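For the sequence shown, the numbering used here begins at 25 and goes up steadily by one. These notes concern the structure reproduced below.
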Amino acid sequence: MTSPTSPSSLAIRRALAACALVSLGLLTGCYESSTPLGPAERGVVNPEFLGPWTCRSSANPSDVATLLVLAYDPSRYVLEWRDKEETTRWAAHSSIVGGALLHNVRELKPDGRDTKWVFLRALTPTESDLALAVVKDDDLGKLTEPDALREIRRRVRDESLYKPWANCQRAAAAR
């Protein structure tokens with residue numbers, strides 16, 4: 025186990041939390057938008073994603089955190105990311121984009137202020153595995169927001185649009 029203040033432990037916190045934290049947006053390679061890819065009312069909660077997950081950073085697999093995915097209502101999720109040092113909560117909803125499913129995710133700030141959206145792809149290669157990737161900022165940050173959202177829609181099936189974020193395994197349910 026690494027120390028909570030070790031460089032590797034801090035790296036996963038920065039990489040994962042920063043994607044959803046506007047205040048840390050400059051530290052990430054995640055594209056951030058003031059608008060989601062679609063309205064929350066059209067989202068659908070996928071039961072495959074619900075429950076606790078043990079996640080490892082794609083950048084540093086020795087860094088481990090817990091992801092709890094809950095249905096807020098039939099179209100939205102609440103996500104809780106817990107590492108050794110802090111807990112971050114996000115709101116999320118799905119959007120069908122070019123025939124692919126992406127999740128619109130933003131941090132739930134304790135003071136209620138709005139944060140920017142990041143876009144997450146969640147794949148379940150098996151029922152016990154969850155692979156998370158975020159839409160990268162690379163070339164999108166140079167575009168106007170409407171053009172960037174059009175580019176995401178155009179390239180949704182292009183692997184180079186994404187940055188691996190975390191690999192998760194379903195955690196045993198508490199008894």
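Cβ coordinates follow ideal geometry from the N, Cα and C atoms, glycine included. Computed from a predicted structure; not experimentally measured.
Asked: Start and end of the alpha helix (DSSP H) containing E169?; Found: E169 to R179
Asked: By the DSSP assignment, the beta strand (DSSP E) with L146 in it spans what residues?; Found: Sequence inspection shows Ala at residue 146; the Leu mentioned does not correspond to that position. It spans V142 to L147 - the beta strand (DSSP E) in which A146 sits, taken as one unbroken run.
Asked: Return the Cβ separation of A195 and P76 in integer angstroms, given the expectation that the two are a contact with Cβ distance under 8 Å.; Found: 4 Å
Asked: Please check the pair K140 and G53, which I expect to be a contact at CB under 8 Å, by giving their CB distance rounded to whole angstroms.; Found: Their Cβ separation, rounded to whole angstroms, is 14 Å, which puts K140 and G53 out of contact at 8 Å.
Asked: Are the C-beta of D171 and some C-beta of chain B separated by less than 8 Å?; Found: No chain B appears in this structure, which consists of one protein chain only.
Asked: Which whole runs of the beta strand (DSSP E) in the segment 77 to 119 are 3 residues long or more, in chain order?; Found: 88 to 97 and 100 to 106
Asked: When DSSP labels each residue in this structure, what does P71 get in the three-state scheme?; Found: helix
Asked: Please report the straight-line C-alpha distance between T78 and S152, rounded to a whole angstrom.; Found: 10 Å
Asked: Take V68 as the anchor and find which of D163, Q193 and L126 has the nearest alpha-carbon.; Found: L126
Asked: Tell whether a beta-carbon distance below 8 Å holds between L132 and L61.; Found: no
Asked: To the nearest angstrom, how far is it from the Cα of T59 to the Cα of V88?; Found: 30 Å
Asked: Determine the direct distance from the alpha carbon of V142 to that of N128, and round the result to whole angstroms.; Found: 6 Å
Asked: Around the C-beta of L103, are 16 or more other C-beta atoms found within 10 angstroms, so that it is buried, or is it exposed?; Found: buried
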